[in-house]
Amino acid sequence: MAHPVTDLIHHSYIPPTGFEAPQPGVFKASTVIFPSVAAMRSREWKDKSAYTYGLHGTPTSYQLEERLCTLEGGQQCLLVPSGLAALALVSLSLLKAGDEVLLPDNVYGPNKSLVEGELMHWGISHQYYDPMDPQDLEAQISSRTKLVWLEAAGSVTLEFPDLLSLLRICKQRKVLTALDNTWGAGLAFKPFDLVPDESPALGVDITAHALTKYPSGGGDVLMGSVITRDAGLHMRLKLTHMRLGLGVGMNDVEAILRGLPSMALRYRAHDEATRALALWADSQAEFVQVLHPALPGSPGHAHWKELCVHTFGGAAGLFSVMLDERFTRDQTDAFCDALKLFKLGYSWGGPMSLVVPYELAQIRSNWPSYLEKGTLVRFSIGLEAVQDLQADIHQALGVLR
Ligand SMILES: *Cc1c(COP(=O)(O)O)cnc(C)c1O
């Protein structure tokens, strides 16, 4: 008989098999136990038919990876600790000294910080292209260009690019494309099959997704994914993923697995409420422009319609307003502070509506001609009743009237 302390660690009880429940179990590990030295020597960390170490996955993370592939239409998936880590993994895996990466001028801000604050020191240069001008992208591709980042729609200014033209240019010039797919989330359009009846399918090479947003849906988990359809490309990313030690916690994986079944319903609810509010906001005099791809006057509306209405369906729960330039910064801050249901905070995709004022002149290299002058305020629409959210914006506008 072993000492009880030992038995607590090496217990002989094994629960009956055959347990089934709607949600998969949570398997947590750093250590994975091998049945023999031979198994330990022969098992490959890259081989997903078995397990080697917690950092390389457990049944819980394997399941989330497969479900995310189904959501986005890819074949292989890597999980990372945040959406930003997903963007970083793609660039770090595919770029080396002497290479250049192209980013849209409306790119998610921290991706700019990454290329300007890290990649540049490693001899990797970058250029910004006008997301609404495919010719500008084409003109900037050189023999050094090894990666083009895409975003649809832009997460602050919400212009929707001509994704098909941008992609055709990159394919023709044989440059890899990576889409930040957080806005579309695998629901607004299918990034690997943008033109479903074209063969081979026209699509991006890689998607990076901030699971922090809609897949989580709670505003309480940070995670990211990198999805591909090409096994060789996946392996390049996977090797860097392993070398950088980018693991995720299985309790967080479980939270995302819990969010996925309701994701399409939530996305639609956010979408409907957002469109109703954006339409109403468009009639308010203080807002000189309302940015949401479903509004006919919003930049890229026709591209959004072509891809997300005629072919697929939907839009994320974000819209931005441009407050008339006659308002001072103190006034626009007072408007944001006066909101009660809309909380001041970053991120989106959760149940609570949020608001953020942006200093657009500081985050864009130039003020695009399609944007009115003023102060941009972005709303992310949660799951509260639309009439309450509308009443909240209406009462906050009182400080400007
Ligand atoms: C939030 C977000 C990210 C980063 O996700 P985190 O998990 O917050 O790091 C990346 N891209 C877009 C478009 C986002 O909105």
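Residues in the sequence shown are numbered consecutively from 157, following the working numbering. We treat Cβ as the ideally placed atom computed from N, Cα and C, and that holds for glycine. Keep in mind the model is a prediction, meaning the values are calculated, not measured.
(request) Under 8 Å by Cβ, that's how I've got Gly-473 and Ile-537 pegged, so tell me the actual separation to the nearest angstrom. (result) For the purposes of this step, residue 473 is taken as residue 317 along the sequence shown, with counting starting at 1. For the purposes of this step, residue 537 is taken as residue 381 along the sequence shown, with counting starting at 1. The pair is a contact, with the Cβ atoms about 4 Å apart (cut-off 8 Å).
(message) Measuring only from the beta carbon, is Ala-185 closer than 7 Å to any heavy atom that is part of ligand 1?
(response) Numbered from its first residue, the sequence shown carries residue 185 at position 29. No, the beta carbon of Ala-185 sits no closer than 7 Å to any heavy atom of ligand 1.
(message) Ser-311 and Trp-339 - do their beta-carbons sit closer together than 8 Å?
(response) For this step, residue 339 is matched to residue 183 along the sequence shown. For this step, residue 311 is matched to residue 155 along the sequence shown. It is a contact, given that the beta carbons lie within the stated cut-off.
(request) Under 8 Å by Cβ, that's how I've got Val-360 and Thr-368 pegged, so tell me the actual separation to the nearest angstrom. (result) By one-based count along the sequence shown, residue 360 stands at place 204. By one-based count along the sequence shown, residue 368 stands at place 212. At roughly 20 Å, the Cβ-Cβ gap does not stay under 8 Å, so Val-360 and Thr-368 are not in contact.
(request) Consider the C-beta atom of Ala-471 and the heavy atoms of ligand 1; say whether any pair is separated by less than 7 Å. (result) Sequence index remark: in the sequence shown, residue 471 carries index 315 (1-based). No; taking the cut-off as 7 Å, the Cβ of Ala-471 has no heavy atom of ligand 1 nearer than that.
(request) For Gly-254, count neighbouring C-beta atoms within 10 Å of its own C-beta (all shown protein chains included) and say buried if the count is 16 or more, exposed if not. (result) As a working mapping, residue 254 is identified with position 98 in the sequence shown. Gly-254 is exposed by the Cβ-count criterion.
(request) Ignore the nearest five residues each way along the sequence and tell me which others in Asp-408's own chain have a CB closer than 7 Å to its CB. (result) Taking the first residue of the sequence shown as 1, we reach residue 408 at position 252. Cβ neighbours of Asp-408 beyond the five flanking positions: Val-377, Met-379.
(message) I'd like to know if the region 325 to 335 and the region 297 to 315 are in contact, where contact means that at least 3 CB-CB pairs between them fall below 8 Å.
(response) At 8 Å Cβ cutoff, the stretches touch.
(message) Quick check: does the Cβ of Gly-380 come within less than 7 Å of any heavy atom belonging to ligand 1?
(response) The residue labelled residue 380 in the question sits at position 224 within the sequence shown. Checking the Cβ of Gly-380 against ligand 1 gives yes.
(request) Count the other C-beta atoms from every protein chain shown that fall within 10 angstroms of the C-beta of Arg-373, then say buried if there are 16 or more, exposed otherwise. (result) As a working note, residue 373 is residue 217 in the sequence shown. Here the sequence assigns Gly to residue 373, which means Arg is not the residue at that position. The residue is buried, with at least 16 neighbouring Cβ atoms inside 10 Å.
(request) Indicate whether the contact test is met: 3 or more Cβ pairs, each with one atom in the region 407 to 421 and one in the region 190 to 208, closer than 8 Å. (result) no
(request) Give the straight-line distance between the Cα atoms of Ala-529 and Phe-443, rounded to the nearest whole angstrom. (result) Within the sequence shown, numbered from 1, the residue matching residue 529 stands at position 373. Within the sequence shown, numbered from 1, the residue matching residue 443 stands at position 287. According to the sequence displayed, residue 529 carries Lys and not Ala. The straight-line gap from Cα to Cα measures roughly 11 Å.
(request) Check whether the region 433 to 443 touches the region 538 to 549, taking contact to mean three or more Cβ pairs, one atom from each stretch, closer than 8 Å. (result) yes
(request) Would you kindly report the start and end of the unbroken beta strand (DSSP E) that includes Ala-334? (result) By 1-based counting over the sequence shown, the position of residue 334 is 178. Counting along the chain, the beta strand (DSSP E) containing Ala-334 begins and ends at 332 to 336.
(request) Please check the pair Phe-316 and Gly-456, which I expect to be a contact at CB under 8 Å, by giving their CB distance rounded to whole angstroms. (result) Indexing the sequence shown from 1 puts residue 316 at position 160. Indexing the sequence shown from 1 puts residue 456 at position 300. Confirmed, about 3 Å.
(request) Could you tell me whether any Cβ in chain C is nearer than 8 Å to the Cβ of Leu-303? (result) The structure shown contains no chain C; it is built from a single protein chain.
(message) Can you give me the C-alpha to C-alpha distance between Ala-437 and His-448, rounded to a whole angstrom?
(response) Taking the first residue of the sequence shown as 1, we reach residue 437 at position 281. Taking the first residue of the sequence shown as 1, we reach residue 448 at position 292. Cα-Cα distance, rounded: 11 Å.
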